[in-house]
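K.L.:
Okay, handing you the structure first.
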Amino acid sequence: MSSLRPPQQHEEIAEFIRQEIFTGRYAPGDPLPSEAELCQQFDSSRGPVRQAMSTLRAEGLISSGRGRRSIVLENIPTESFDSVFSVTAWLRALGKEPGQNTLWIARQPASAEVAEALEIAPEEQTVAVHRVRTADGEPIMVERMHFPAEIGRHLLDFDADNGSIHRHLLRMGVDFNNVSRTLIAIPASAEDAESLKVDEGYPLLRLTMRCYTHSGQPVELADYRYRCDKIQLGMNSVRGASSPLWVDIPDSD
């Protein structure tokens, strides 16, 4: 298992500026310090500063600059990385009280889909988690997670109803470094409908998430199924920066 990687300087610079924006230190329309000023402030070379600014542009928080000082943009609150892979962190960031009802945690042989995502052999042992997640006591999503056995073993004696799974795994040294997410609409199965207190066939948003270490090793496959009336999505884009969103029209079955 990979050890937990400490933050790099460009990540620390980006997080500092991000928090300055979110707390109102820099308001929409305000110019940020110049590249030279940031290098001096953080005792950094230009490389980490430029990488940090590129990250903030990709998040839609600042303008592209193009030879001028970057400007803080009107912004929709963005997700921190912790909020991307941790439902508990996401709900707390929204001011909601996270809750969960763990249906089961168990060792389970990998299906073909899980094996492909985790890059393990079919039928190899994994640890699977099935929970219903709540916000302020109201069910909003069904959560199914699959972990390789060497990672998931840390969950077999963990009280998943009274703690964050991802925070626990971070403490165990799991390196959650980057994620890939895909979102589609599906009808609720009878099982999910009962868990979410909706009718069978009710529209759900299914988010499939794969988590990787810094070296690209898969550490988690998650399947989140949200009530479509309980979630809203938004994204900022800036000219000169690539969008994190991709849109596809899959072939019909």
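Each residue of the sequence shown is one higher than the one before, starting from 1 at the first, in UniProt numbering.
Using N, Cα and C, we set each Cβ at its ideal position, and we do this for glycine too.
On the criterion of 16 or more Cβ atoms from any shown chain inside 10 Å, does THR126 qualify as buried, or is it exposed?
P.N.:
Residue numbering aside, residue 126 sits at position 126 when the sequence shown is read from its first letter. THR126 should be labelled buried.
K.L.:
By how many angstroms is the C-alpha of LEU155 removed from the C-alpha of ASP175?
P.N.:
On the sequence shown, residue 175 is found 175 positions in, with the first residue counted as 1. On the sequence shown, residue 155 is found 155 positions in, with the first residue counted as 1. Their Cα atoms are separated by approximately 16 Å.
K.L.:
Answer with buried or exposed for LEU233, where buried requires no fewer than 16 other C-beta atoms within 10 angstroms of its C-beta.
P.N.:
Locating residue 233 in the sequence shown gives position 233, where the first residue counts as 1. When all chains shown are included, LEU233 counts as exposed.
K.L.:
Going straight from the alpha carbon of LYS197 to that of PHE158, what length do you get?
P.N.:
Counting from one through the sequence shown, the residue named residue 197 turns up at place 197. Counting from one through the sequence shown, the residue named residue 158 turns up at place 158. Going by the C-alpha atoms only, they are around 27 Å apart.
K.L.:
What distance in whole Å lies between the Cβ atoms of HIS130 and ARG144, which are believed to be in contact at a cut-off of 8 Å?
P.N.:
What you label residue 144 is simply residue 144 of the sequence shown in a count that begins at 1. What you label residue 130 is simply residue 130 of the sequence shown in a count that begins at 1. That belief holds up - the Cβ atoms of ARG144 and HIS130 are roughly 5 Å apart, short of 8 Å.
K.L.:
Helix, strand or coil: which one does DSSP assign to SER189?
P.N.:
Here residue 189 corresponds to residue number 189 of the sequence shown, with the count starting at 1. Note: SER189 maps to coil in three-state DSSP.
K.L.:
Check LEU56 in the structure and name its three-state DSSP category.
P.N.:
Numbered from 1 along the sequence shown, position 56 holds the residue referred to as residue 56. If DSSP states are grouped into helix, strand and coil, LEU56 belongs with the helices.
K.L.:
Quick one: what does DSSP say GLU194 is sitting in, helix, strand or coil?
P.N.:
Counting from one through the sequence shown, the residue named residue 194 turns up at place 194. It is helical.
K.L.:
Out of curiosity, what's the CA-to-CA distance linking PRO7 and SER64?
P.N.:
Translated into the one-based positions of the sequence shown, residue 7 becomes position 7. Translated into the one-based positions of the sequence shown, residue 64 becomes position 64. Those two C-alpha atoms are separated by around 24 Å.
K.L.:
Candidates CYS228, MET141, GLN41 and ALA188: which alpha carbon is nearest ASN101's?
P.N.:
Taking the sequence shown and counting its residues from 1, the one referred to as residue 101 is at position 101. Nearest C-alpha to ASN101: MET141.
K.L.:
Within 8 Å, do at least three Cβ pairs link the segment 207-224 to the segment 113-126?
P.N.:
Enough Cβ pairs lie closer than 8 Å, so yes.
K.L.:
Considering only C-alpha positions, which residue in the set GLY99, PHE42 and LEU32 is nearest to LEU61?
P.N.:
The count along the sequence shown starts at 1 and reaches residue 61 at position 61. Minimum Cα distance to LEU61 is reached at LEU32.
K.L.:
What is the rounded straight-line gap between the Cα of residue 259 and the Cα of ILE184?
P.N.:
Because the chain spans 1 through 253 in this model, residue 259 falls outside it and cannot be assessed.
K.L.:
Where does the unbroken beta strand (DSSP E) through VAL129 begin, and where does it stop?
P.N.:
Numbered from 1 along the sequence shown, position 129 holds the residue referred to as residue 129. VAL129 -> beta strand (DSSP E) spans 125-135.
K.L.:
For residue 258, collect the residues of the same chain with a Cβ closer than 8 Å to its Cβ; drop the 5 residues on either side in sequence, then sort them by chain order.
P.N.:
As displayed, the chain neither begins before 1 nor continues past 253, which places residue 258 out of reach and without an answer.
K.L.:
MET1 by DSSP, collapsed to three states: which one?
P.N.:
Position 1 of the sequence shown, counted from the start, is the residue given in the question as residue 1. Residue confidence is low: MET1 scores 43 on pLDDT, short of 50, so the model does not pin down where it sits. Its coordinate-derived value is still stated next. DSSP places MET1 in coil when its eight states are reduced to three.
K.L.:
Looking at the structure shown, is ASP30 part of a helix, part of a strand, or coil, going by DSSP?
P.N.:
For the purposes of this step, residue 30 is taken as residue 30 along the sequence shown, with counting starting at 1. ASP30: coil per DSSP, three-state reduction.
K.L.:
Look at the alpha carbon of GLN217 and the alpha carbon of ASN177, and state the distance between them as a whole number of angstroms.
P.N.:
Against the sequence shown, residue 217 aligns to sequence position 217. Against the sequence shown, residue 177 aligns to sequence position 177. Distance between the alpha carbons of GLN217 and ASN177 is about 10 Å.
K.L.:
With a CB to CB cut of under 6 Å and the five nearest residues on each side skipped, what residues in its chain are close to ARG227?
P.N.:
Counting from one through the sequence shown, the residue named residue 227 turns up at place 227. Answer for ARG227: ILE140 and LEU196, listed in chain order.
K.L.:
Please confirm if the segment 42-57 is in contact with the segment 87-101, defined as three or more CB-CB distances below 8 Å between the two stretches.
P.N.:
The segment 42-57 vs the segment 87-101: no contact.
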